[in-house]
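The block underneath contains the structure these notes are about, expressed in structure tokens.
There are 2 protein chains.
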Amino acid sequence: MIISLLFCLSKLQISKGVSQIYIKHLIDRIGSNKVSQNETELFRHSHDESPHKTIEPDVVCFPECKDDIKNIVEVAHAHRVPVTAFGAGSGLEGQAIPIHKGISINFENMNAVVDFSPDDMTITVQPGLTRLQLNKLVNRKGLMFPIDPGADATIGGMVATNASGTTAVRYGSMRDQLLDLEVVLADGTVIHTGTHAKKSSSGYNLTGLFAGSEGTLGIITEVTLRLHGIPEYTMVARCTFDTPEKCAQAAQTILLSGIPVMRMELVDAQSISQVNMYGGYNYPVKHSLFFEFAGLKAAVEEEIKLAQELMNDLDCQDWKVATDPKEQKELWKARHELSYAYGHIKGMADTGADVCVPISRLPELVVYARELIEQSGLEGGILGHVGDGNFHTIVIFDSNNPGEQEKAEYTNEALAMRAIEVGGTCTGEHGVGLGKMKLQKAEHGDAVGIMKGVKQMLDPEGLLNPGKIFY
Amino acid sequence: MIISLLFCLSKLQISKGVSQIYIKHLIDRIGSNKVSQNETELFRHSHDESPHKTIEPDVVCFPECKDDIKNIVEVAHAHRVPVTAFGAGSGLEGQAIPIHKGISINFENMNAVVDFSPDDMTITVQPGLTRLQLNKLVNRKGLMFPIDPGADATIGGMVATNASGTTAVRYGSMRDQLLDLEVVLADGTVIHTGTHAKKSSSGYNLTGLFAGSEGTLGIITEVTLRLHGIPEYTMVARCTFDTPEKCAQAAQTILLSGIPVMRMELVDAQSISQVNMYGGYNYPVKHSLFFEFAGLKAAVEEEIKLAQELMNDLDCQDWKVATDPKEQKELWKARHELSYAYGHIKGMADTGADVCVPISRLPELVVYARELIEQSGLEGGILGHVGDGNFHTIVIFDSNNPGEQEKAEYTNEALAMRAIEVGGTCTGEHGVGLGKMKLQKAEHGDAVGIMKGVKQMLDPEGLLNPGKIFY
Chain W
1 MIISLLFCLS KLQISKGVSQ IYIKHLIDRI GSNKVSQNET ELFRHSHDES PHKTIEPDVV
61 CFPECKDDIK NIVEVAHAHR VPVTAFGAGS GLEGQAIPIH KGISINFENM NAVVDFSPDD
121 MTITVQPGLT RLQLNKLVNR KGLMFPIDPG ADATIGGMVA TNASGTTAVR YGSMRDQLLD
181 LEVVLADGTV IHTGTHAKKS SSGYNLTGLF AGSEGTLGII TEVTLRLHGI PEYTMVARCT
241 FDTPEKCAQA AQTILLSGIP VMRMELVDAQ SISQVNMYGG YNYPVKHSLF FEFAGLKAAV
301 EEEIKLAQEL MNDLDCQDWK VATDPKEQKE LWKARHELSY AYGHIKGMAD TGADVCVPIS
361 RLPELVVYAR ELIEQSGLEG GILGHVGDGN FHTIVIFDSN NPGEQEKAEY TNEALAMRAI
421 EVGGTCTGEH GVGLGKMKLQ KAEHGDAVGI MKGVKQMLDP EGLLNPGKIF Y
Chain S
472 MIISLLFCLS KLQISKGVSQ IYIKHLIDRI GSNKVSQNET ELFRHSHDES PHKTIEPDVV
532 CFPECKDDIK NIVEVAHAHR VPVTAFGAGS GLEGQAIPIH KGISINFENM NAVVDFSPDD
592 MTITVQPGLT RLQLNKLVNR KGLMFPIDPG ADATIGGMVA TNASGTTAVR YGSMRDQLLD
652 LEVVLADGTV IHTGTHAKKS SSGYNLTGLF AGSEGTLGII TEVTLRLHGI PEYTMVARCT
712 FDTPEKCAQA AQTILLSGIP VMRMELVDAQ SISQVNMYGG YNYPVKHSLF FEFAGLKAAV
772 EEEIKLAQEL MNDLDCQDWK VATDPKEQKE LWKARHELSY AYGHIKGMAD TGADVCVPIS
832 RLPELVVYAR ELIEQSGLEG GILGHVGDGN FHTIVIFDSN NPGEQEKAEY TNEALAMRAI
892 EVGGTCTGEH GVGLGKMKLQ KAEHGDAVGI MKGVKQMLDP EGLLNPGKIF Y
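Chains W and S, in that order, are what the protein sequence lines are.
Number 419 in our numbering belongs to position 419 of the first sequence; there are no gaps in the numbering.
Number 558 in our numbering belongs to position 87 of the second sequence; there are no gaps in the numbering.
Set out below in structure tokens:
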């Protein structure tokens, strides 16, 4: 495997002189104002928010339309140059790192709304629009795009990684929001994968195939999304438990009750302590469950009453409800500021797992994750979208201290392997990128052969985001 | 196209003598008790509920396990014999008709529950289990499988066609319920397409690809499904409007209000009249909207109050609510008995469209459908799951009266073409089968080439349900 990887590297990496030839062709085709070799730009496109090694592209392109993308792909094809799409750079598995160099495509100038149809509760956008920009637009019409991975990612990046986040328990993942994708294939052909109808049984489901393919099968140039009505009323709540296991059991109880929670998040005691330290807060240092309920007022009030009864039956403590928007924000702060709290420890880096397991296995996996962190001798916490069975660890390490990164990464890998063993997945929402490649065979078995066949069919030259997902 | 179709036919159809050789091999591999050439069985597997031409298979197999399926596929591969899966025979587009003869696989002896996990709200079943059998099982644990295409279809058949029905407005289609499929590929390899986790960003989404592929990419041997809690309280309502256009506008208003209706069905006046005639009822002969609301009691009561206000604002008539289960059934009878009413007109056959369009285009499409039926000179009605923008026509014709079937089919085709033109799909839930093949290029354009590439990769010999979906 290592040999073939090296071969692949040598095949794809091209010398500085040769790269100047194709870059000249790029400029001829799309114009010099859309092509940059500025050092700052090359560095910006060399990394995402993961600890994976930075690698700069030869060149960054800033296309403005589908034809620019077609031109870029055609030049790449003619010169056999890798093409890697870059959204907001907020990925957590290295998907946007051009590990074989070549062209990085930045979509910031492709962030237009192509067609907004409030009556249909759908919108078609270019991939560079971010989710906050999108919501600002559609909120005016009483609509919202609920998928919330935390970062202000681009819609294209979110499609490419099948992102989700805190609201997936109610609305599903990015894939579930898609009606149609416009995609430029490796040979420059442009296809549409779906229609603007809410459902279809026509032809093979290519929309779902391109979603989550991380730019390895084609370059997405338009995305048609479902939108949802903004619920008229929202309430939040928080309670705590003695063990993370009990938190996970409590989340399971809520799900089985049929309450359509909007968000349901677990933060373990260690993470609460970290947030208190970071922000100077005084939240109870206990394993905590955070809830959001949303809908018609009478429904929300009944839901929160039932939730409280269920949590009391499980001996919860610190049950607190907030209705006022300011109070709501205050109550959820410990959850919201968690990533910052871990990400801003001076001189320290962090890494984290992203497992998703059947809900019944969640308590034991959370306990196992805690054990792994303890055994590593490093600091870390657990947080997660427990309504889906999806949770993360955040393990902090000093990259100047030999062996610490390896110890941190071991916790990720061991947890992912255990998740796969109990019928779950190594990545609930971050995607495969570089970090989960080694787990694909364990998770998918012989299906990896089919996936590679799809890749081979759509990108026979291996130019689209090479070196990602599969070895 | 016709020439290549004929070539394909001549390649695949094999003589009686040759078929006896492979049937002997089938018997050797899976046992004579699982192989039938009984005339009644051959006829039963020659058709579904569509008006497409009946064609008998050479032989029907009744596998009992995955290994039987592997053996069947391997024999088929060795002898280059077509293999067509058969569920309950309730399809509406001819998917189960073995148009190139060969082997029909009947799943009635593969209807076991492999793993039921109420705590995870998931179940793994063999494909021959029907949806009513499934619900009987899971209802005992307070859970339900909501997808309801009307007929008591098998789960395998419902996956293969990406079925949906009255509850899709709330729960989505069959594809949205799937966590994992076990599939035997054309070469006998067995793969799993997913995991038992509620969401995943690992690898390419093969689950969505096999769902809706109508047995053309592999034979499904196990299905892992999401289940849902049974709502604690249900209410139904019905109201009428002067025009079908107003009904469609009313449905759109309900959706935009954010009320999470469980079902929302349109039945036009002509169809109500047909039901009255068939059952001796006295329902108001007007264009009618039927609603079902389900959830926590307080929520349902608030929803129905809001729905009534919204419908009154649109000048609805005959608003009627039912809470008592018996009264609920009575109120919905006109919707429930509609297919029977049209299907039981002595000496008449029927056919129907299955378009799905953006909600904003629904009113004009419903009007156009009515015009097409009038112009055909035939009797027919409109009914549909208007919450998704999905509706059907039912046009009845006398197959002994020359030209009537052609006229009926013209209404389907013209409506499907208009649906595609306005950004919709030719089939919302019935699938492509034989009836929608001619519309694939119009709907999917160059994406058809990619779909064919997937087919070629997974079934290079073209033995899995040949002659369906694509020419």
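All residues carry an ideal CB built from backbone N, CA and C; glycine is no exception.
Here the structure is a predicted model, which means the values were calculated and not measured.
Take the alpha-carbon of residue 781/S and the one of residue 724/S: they are about 7 Å apart. Taking every protein chain shown into account, the CB of residue 748/S has fewer than 16 other CB atoms within 10 angstroms, so this residue is exposed. Between residue 27/W and residue 184/W, the alpha-carbon positions lie close to 19 Å from each other.
With 16 or more other CB atoms across the displayed protein chains lying within 10 angstroms of its CB, residue 36/W is buried. Residue 769/S belongs to the set of residues whose beta carbon lies under 7 Å from a beta carbon in chain W. Taken atom to atom, the span from the alpha-carbon of residue 131/W to that of residue 87/W is near 11 Å. If you ignore the 5 residues before and after residue 84/W, its C-beta comes within less than 6 Å of the C-beta of 98, 104 and 465, all in its own chain and listed in chain order. When the five nearest sequence neighbours on each side are left out, the beta carbons in the same chain lying within less than 7 Å of the beta carbon of residue 778/S are those of 708, 725, 730 and 762, in order along the chain. In the assembly as shown, residue 834/S is a buried residue. Its beta-carbon has 16 or more other beta-carbons within 10 Å. In the structure shown, residue 577/S falls within a strand segment according to DSSP collapsed to helix, strand and coil. Residue 855/S places its beta carbon less than 7 Å from that of residue 737/S.
Comparing alpha-carbon positions, the option among 77/W, 321/W and 47/W lying closest to residue 234/W turns out to be 321/W. CA-CA distance, residue 518/S to residue 526/S, rounds to 7 Å.
Distance between residue 839/S and residue 500/S, taken at the CA atoms: about 54 Å. Residue state for residue 791/S is assigned as strand, using DSSP reduced to three classes. Residue burial annotation: residue 420/W is buried, with at least 16 other C-beta atoms found within 10 angstroms of its C-beta. Within the segment 679 to 692 of chain S, contact with chain W at the beta-carbon level (separation under 7 Å) is assigned to 679, 680, 682, 683 and 684. With its beta carbon less than 7 Å from one in chain S, residue 356/W belongs to the interface.
It is roughly 6 Å from the alpha-carbon of residue 145/W to the alpha-carbon of residue 228/W. When the five nearest sequence neighbours on each side are left out, the beta carbons in the same chain lying within less than 6 Å of the beta carbon of residue 352/W are those of 392, 393 and 394, in order along the chain.
Counted as a single uninterrupted DSSP element, the beta strand (DSSP E) harbouring residue 225/W occupies residues 219 to 226. Using a Cβ-Cβ cut-off of 8 Å, residue 117/W is close to 829 and 831 of chain S, given in chain order.
Chain order gives the chain W residues near residue 646/S as 205 and 208, where near means a beta carbon separation below 8 Å.
If you ignore the 5 residues before and after residue 33/W, its C-beta comes within less than 7 Å of no other C-beta in its own chain. Taking CB atoms only, residue 235/W has no neighbour in chain S less than 7 Å away. DSSP places residue 611/S in the coil class of the three-state scheme, outside both helix and strand.
When 171/W, 92/W and 81/W are compared, the shortest CA-CA separation from residue 153/W is found for 92/W. Residues of chain S with a Cβ closer than 7 Å to the Cβ of residue 128/W do not exist; the shortest Cβ-Cβ separation is about 21 Å. Taken through DSSP and simplified to helix, strand or coil, residue 47/W comes out as coil. Its chain contains 30 as the residues whose beta carbon lies nearer than 6 Å to that of residue 68/W, once the 5 sequence neighbours on both sides are disregarded; these appear in chain order.
Residue 859/S sits in a helix when the DSSP states are folded into three classes. Here residue 811/S is not bridged, per DSSP, to any residue. Residue 758/S is bridged by DSSP to 712/S. Just so you know, the alpha carbons of residue 826/S and residue 795/S end up roughly 34 Å apart. Our two residues, residue 662/S and residue 677/S, have alpha carbons roughly 10 Å apart in a direct line. Per DSSP, the unbroken beta strand (DSSP E) holding residue 123/W starts and ends at 122 to 125.
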